[in-house]
Structure formats: C-alpha cells, structure tokens
Amino acid sequence: MAATATGIHHRSYTSELRLRATRAEYFRLGLMTVLLLILPFVLDNFWLSQANLILIAVIGAVGLNILVGYTGQISLGQGGFLAVGAYSSAILSDRIGLPTPLAILVAVLLTAAVGTFFGLPGLRLKGLYLAIATLASQMIIEFVIRRWDWLTLGQGYLNVERLNLFGFQIGGRQVFEQQWYWVLLVLAVLTVLTARNLFRTGLGRSFMAVRDQDIAAEAIGVNIPRAKLTAFAVSSGFVGLAGALTAHYSEVVSWEKFTLDVSILYLAMIIVGGLGSIAGAVYGAIFMTMLPELIRQLSLGLGDTLPFLADELPAVRNAVFGLVIILFLILEPRGLDRIWHRIKDYFRYWPFRY
Amino acid sequence: MSTFINQLAYGLADGSILALAALGFVLIYKATGVINFAQGEFLLVGAYMFYTAFVVLNLPLVVAVVFGVVVATLIGVLVERLILRPMVGENPISIIMVTIGLSSLLKALVQAFYGTSPKRQPPILPTGSVEILGATVPVNRLAAIAIAAIVLTAFTVFFRKSRHGIAMRAVADDQQAAMTMGISVRRIFALAWALAAVSALIAGVLVGDISAVDNNIAAFGLLVFPVVILGGLDSVPGTIIGGLTIGLLKQFTAGYLDPGLATVIPYIVLVLILLVRPYGIFGETRIERV
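As given, the protein sequences belong to chains A and B, one line each in that order. Residues in the first sequence are numbered consecutively from -3, following the working numbering. Residues in the second sequence are numbered consecutively from 18, following the working numbering.
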C-alpha cells in the first residue's frame, strides 16, 4: 500500500482489507481518540449531557442505517422499537430483578424479535409499501405502550433505578454525566466497530446486494427473505440497545419519548449524515441532536433584533428541522459524509482537481 | 337503532372527508409516483387559508372559497416545482423523506403564524339537526357527505371526459408514451399537485367546520394511508370505498367498543391488508422484471 500524491494504491489484499489505509487516517483517529478522552474533563454538566444524548443517538442511528441505508428497507417504526427496548429493559431490571446488564441484553434480543416480526410484511413489500407498513407498526406499538396499564402499573410512566453495572453504582449529580459518558462511549464505539465490520462479512454484503438489486441478488444465490429478516433483527437489536440506554440514563420511561416524531428524527439523522454510511450515521446523530440547542442559542442571541424568533421557538425549531431535511435531500442527497469526503479528496489530490 | 343511525352518519361524514384527502394523495401518486406524507398538512394549510380569508380578512363566502382555491393551487404548484422536481430519479426513501420534511415545515409555518389554540369560525354548513328513523343527525354532517360526493363525482368526470383528465391518465399509464404524444409531463405533474391541494383544501374546510380550525386537522394526513392501502394506491374509486370503510370502522369501534381503540384500528386493518392483499381492492398488481 502506498499513499501517493494522487490517491491510494493497494498492492496486496491485506492492505485493501484494512479499515484505515493512510497515515493521515491514523493521525485523525488519534486526534479523535484524544478529543473523546479529554471531553468529560473540559465540558460542564449541561454540554456533557448533550454529549451523552448524542452517544445514545449514535447507537440508534447506526442501527437504523443498517436497515435503511444498507439494506434499502425504509422504516418509520424506529420510535416503537426504541420503546420496546426501553420498557423491557426497565421492567426486567427493576420489577423482575434481573441484573441490569442481563436485562439490557434480553431487551436487545426482545427488540430484535419484535423488529423481525414487524419486518415480515417486508418479505412481500418494498419501498413505499414497506414505509407504510412500518408506519402502522409505529402506531400499533405506540398504542400498546399508552394503553397497556401493566407496563407502568397504571402510573403512565415508569421510574427506573440508577444504573448498577457489575456492582458499580453510577453516582450522584456531580459525577452522574461523567460516569455515564464513559459507559455510553464504550458502547457507542463498540456499536460503530461492529457495524463497520458487519459490512465486510458475507452477511453485510448480502444486505447491500438486496438494496442494490434484489432480483439480481437472488439470482447469485442470496437468500432474500433471510437477508431481509436478519437486517430487521440486527438493526432492531441496536435500536433496542439505544432504547434500553435511554431508559436507564433518563431514569424515567414514558410514551412521549417514542412517538412518530422520534422515528422521523432518526430518519433525518441518517439522511443528513449520509444513507449507507456508518460515519454518516455518527455525523447525523451529532448534527440533529445539537440542532435544537443551536437554534435555541441562536434565537436567544438574536432575540433583541428579531423577537419573533425567540417568541415562536418551538415553531422555528420545527421549521428549521423540516427545512434542513428538504435542503439536504435536494442539495446533497449523500449527506454530511459526502461533504467530508469531498473536503478530504480536495486536499489529497491537491494541486490537481481530480 | 337510533344510535346506529347516528354512528352511521358520523362515520360516513368522516369517511367522505377521508376520501377527499385520499383523492389528492392518489392523484399525486398516480401521476408522479410520489408518496406524499404532507397530505394532512395540505388539509391544515387549506383550512387556515380559508379561515384567513373568511374570518380575518372578512371576505364574503364565495370570494373566500375562490381565494382558498387560488392559494391552494399556488402552493401545490410551488411545492412540485421547488421541492419535488429536483428529486426526480432519486430513490423512494429520499422522496418519502422530502415530503416528511415538507410536512414538518408546513406545520411549523402554520403554528408560527396562527399559534396552537383552536380558531372558531362562523359555520358555513347549515346547522341544526334532522330526525332520521328516530335518530337526531346534525345537518352539517349530511352536508359534508353531500359536498364530498359532489366533489368526488366532479373529479371522476374530469378524469374520464376532459382533455387534461385524459392526459393525466395517459401520463400515469406510461410517461414515455405520453411524452411522445405531445403531452407536457411537467404540466401534468403541476396539475396533479394543484388538484391534490384543492381537494385537500375542501377536506380541510369541512373538518374545520365540523370541529374547529386547529393543528389536529393534520392528523387526518396519516389516516390517509389505511384508506389508500385498502382501496389501492393508484385507484380513484378505491379512495371512496376505502375512505367510507375506514370512516365507518373508526366510528363503530369508537361507539360500540372503545374510543381509544378507534385510533389504532385503521392501522391494524392496514397491516392485515398488506399481509393478505398488498395492492388493495382496486390497486394494480405490479409485476417486476429485471
């Protein structure tokens, strides 16, 4: 392998199989590791809580991107699957008394099972029809968690005990965000690595074959029903993990956190980040989680000159949300990931344009 | 018996409004292949435009209707030109997502200008109630059914008889062939969006008159999906059958079983249809070849 002034040329299979090929990529990886490690020591509690929300969103967005971006099966049921993960983990750990890590694991498996069940219509349908089928699954799950009193013992919401990992108890206000940061960082990094490597295996390749041309994929021996259902299972498994973490992190579970809007928010993350790109899911999760806060800061800042912005904050936020989705889809359908690639390529090929 | 007649009237009124909303959806899908998740917001915007003309600007009813139709047409054409045309050739996921973005934007704009509190407007439909077989049925529901029936008939005649209607059917059938016959596909696309916006306006004004002009009108947008899946995504008669079926089903569930269950029953029906007969009652079965 050699990185020349004009691009990357592989000279052996092992070099081609590497996740990172050039020295610049190792340098960036090192830089990012340092940044992630010092983050909890420089941020205050508020921004650290934002970072924690981002890490949970990363896990959920990567999960969704496996299904939508890599397998080409659109899902509007993300909110419902997050709910399955959150409720089952909370109930298993607090009411049934399983150790929390085990409860989270069971929640992941349960969400994968529910996801596979709602993926069944996907065996006959694709594209538009599947979007509508998953919309229905969102509505049905939302109805169940709102109306099934047993879930919340009739309170309408569920309190979750503070996280206890292998005898280690998350501490109080002062260290709460910081300790969570480490837990979530480890899980998010593992998620990203798992997903990144999944698409170097035969299973991951078969997902992409289904997306690109399903009938041709079948002709070369891909078992389409199995690939589609496995994609639903794997993807919902990650989503279930994100849901379970939401429950334990926020320490309260209620149905308002899992509405159709949440499904749309996650779809927006992977669209803005870049469909079919793990890094894109990460960028999208960061961007869409920060967006409301950025808009809030901006409209507070502009509050004196444009009082309209601050007065109508929720409406402004939704308008910007819709506008961001539309503009990204029209101007840069491959998302932030493509923009980043273009910047890198510009420097890599400089002084040539191509 | 009298409750049954009552439920029937309410269900049919809801169902015929749903059919109107679904008509716009089917028009867009048939002509342009776009699944419009913003259909409910078209109802919302239509209702508020009419409210603005009728109550805020205090225009006479007929002028207000004309104003609403003109604005709805403009919005439809603009949306097609600015948002959907650049998306031609993109994958279905992106096209679905762009209409979801549009729905979020439209809802936010309405909220920014009119707030979230419900608006009252003087009734346009006749008030009072009539006795039918011992049941007291409000006249405005019956009027809504009648108006929806007239509009749906007018649209059906338009597709069957008029030049533009025939051109629309040609484009829906085969864009390439239609183009070679000298039909402007772009104009047909714009026409489809404009007609969809107008039918949504009528539906929105009817909902606004029966209940109140507020953000809940947009909720009709999601109910369109069970309707069109039942009737068939690309079938105009299907919207009428589907709309009435879902409307009645919802009303009877709410009346006889549980009002909460009524909100979810259309989606359960939706899943069942998708599993048994994905293309609906009148939908065209697509056969794929590589």
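For each residue, glycine too, the CB sits at the ideal point set by N, CA and C.
With a threshold of 7 Å between beta-carbons, can residue i be considered close to chain A, or not?
i                        : result
proline 109 (chain B)    : yes
proline 135 (chain B)    : no
valine 288 (chain B)     : yes
valine 307 (chain B)     : Legend: pLDDT at valine 307 (chain B) = 45, less than 50; position of this residue unreliable, value from coordinates given subsequently. So, interface residue.
isoleucine 298 (chain B) : no
isoleucine 100 (chain B) : yes
glycine 277 (chain B)    : yes
alanine 125 (chain B)    : yes
leucine 274 (chain B)    : no
tyrosine 65 (chain B)    : no
For a contact meaning CB atoms closer than 8 Å, what does residue i contact in chain A?
i                        : result
serine 121 (chain B)     : Ile260, Asn314, Ala315, Phe317, Gly318 and Ile321
glutamine 128 (chain B)  : Glu308, Pro310, Ala311 and Asn314
methionine 104 (chain B) : Leu325 and Ile326
Listing by chain order, which chain B residues have their CB less than 7 Å from the CB of residue i?
i                        : result
methionine 135 (chain A) : Val281 and Tyr284
arginine 143 (chain A)   : Gly277
Listing by chain order, which chain B residues have their CB less than 8 Å from the CB of residue i?
i                     : result
proline 303 (chain A) : In chain order: nothing, as chain B lies at least about 13 Å away.
leucine 199 (chain A) : The contacting residues do not exist; leucine 199 (chain A) stays about 21 Å from chain B at best.
Listing by chain order, which chain B residues have their CB less than 9 Å from the CB of residue i?
i                     : result
glycine 123 (chain A) : Ile52, Asn108, Pro109, Ile110 and Ile113
leucine 271 (chain A) : Asn108, Ile110 and Ser111
How would you write the range of the beta strand (DSSP E) that residue i sits in, first residue to last?
i                        : result
asparagine 155 (chain A) : 153 to 155
alanine 152 (chain B)    : 152 to 155
valine 249 (chain A)     : 248 to 250
Examine chain B for any beta-carbon lying closer than 7 Å to the beta-carbon of residue i, and answer yes or no.
i                           : result
leucine 325 (chain A)       : yes
isoleucine 267 (chain A)    : yes
proline 367 (chain A)       : In the structure as shown, chain A begins at -3 and stops at 350. Residue 367 (chain A) is therefore absent and cannot be evaluated.
phenylalanine 139 (chain A) : yes
arginine 207 (chain A)      : no
methionine -3 (chain A)     : Here the model assigns methionine -3 (chain A) a pLDDT of 42, short of 50, so the residue's position is not dependable and the matter cannot be decided.
Count the other CB atoms, across all protein chains shown, that sit within 10 Å of the CB of residue i; report buried if there are 16 or more and exposed otherwise.
i                           : result
aspartate 191 (chain B)     : exposed
asparagine 157 (chain B)    : buried
serine 146 (chain B)        : exposed
histidine 6 (chain A)       : exposed
glycine 221 (chain B)       : buried
proline 300 (chain A)       : One detail in the question is off: residue 300 (chain A) reads as aspartate in this sequence, not proline. Label assigned to aspartate 300 (chain A): exposed.
lysine 178 (chain B)        : exposed
methionine -3 (chain A)     : Any answer about methionine -3 (chain A) is weak, because its pLDDT of 42 lies below 50 and its placement is not dependable; what the coordinates show is given next. By the neighbour-count rule (16 or more Cβ atoms within 10 Å), methionine -3 (chain A) is not buried but exposed.
threonine 96 (chain A)      : buried
alanine 236 (chain B)       : exposed
leucine 302 (chain A)       : exposed
phenylalanine 203 (chain A) : buried
glycine 168 (chain A)       : exposed
leucine 98 (chain A)        : exposed
glycine 176 (chain A)       : According to the sequence shown, residue 176 (chain A) is tryptophan rather than glycine. Counting Cβ neighbours within 10 Å, tryptophan 176 (chain A) comes out buried, since at least 16 surround it.
What span of residues does the alpha helix (DSSP H) with residue i cover, start to end?
i                           : result
proline 243 (chain B)       : 237 to 248
isoleucine 92 (chain B)     : 78 to 96
valine 281 (chain B)        : 276 to 293
serine 146 (chain B)        : Note, serine 146 (chain B): premise wrong, no alpha helix (DSSP H); beta strand (DSSP E) at 146 to 149.
asparagine 233 (chain B)    : From DSSP, asparagine 233 (chain B) is part of no alpha helix (DSSP H); its letter is neither H nor E.
histidine 181 (chain B)     : 180 to 190
alanine 70 (chain B)        : Neither: alanine 70 (chain B) is in no alpha helix (DSSP H) and is coded neither H nor E.
methionine 198 (chain B)    : First-last for methionine 198 (chain B): undefined, no H or E at that position.
arginine 142 (chain A)      : 124 to 143
glycine 115 (chain A)       : 96 to 115
glycine 255 (chain B)       : 253 to 269
serine 84 (chain A)         : 74 to 86
methionine 284 (chain A)    : 274 to 297
phenylalanine 195 (chain A) : No alpha helix (DSSP H) holds phenylalanine 195 (chain A); DSSP gives it neither H nor E.
leucine 35 (chain A)        : 19 to 38
List, in order along the chain, the chain A residues whose C-beta lies closer than 9 Å to that of residue i?
i                     : result
leucine 117 (chain B) : Contrary to the premise, residue 117 (chain B) reads as isoleucine rather than leucine in this sequence. Within chain A, the residues near isoleucine 117 (chain B) are Leu72, Ile260, Leu263, Ala264, Gly318 and Ile321.
Would you mind telling me which residues of chain A sit closer than 7 Å to residue i, beta carbon to beta carbon, in chain order?
i                           : result
proline 295 (chain B)       : Arg120, Leu121 and Tyr125
leucine 291 (chain B)       : Pro117, Leu121, Tyr125 and Ala129
phenylalanine 242 (chain B) : Ile128 and Leu131
isoleucine 246 (chain B)    : Ile128
Inset, instruction - Check distances from the C-beta atoms of the region 51 to 80 of chain A to those of chain B and list, in chain order, the residues that come in under 8 Å. - result: Val64, Gly68 and Ile70
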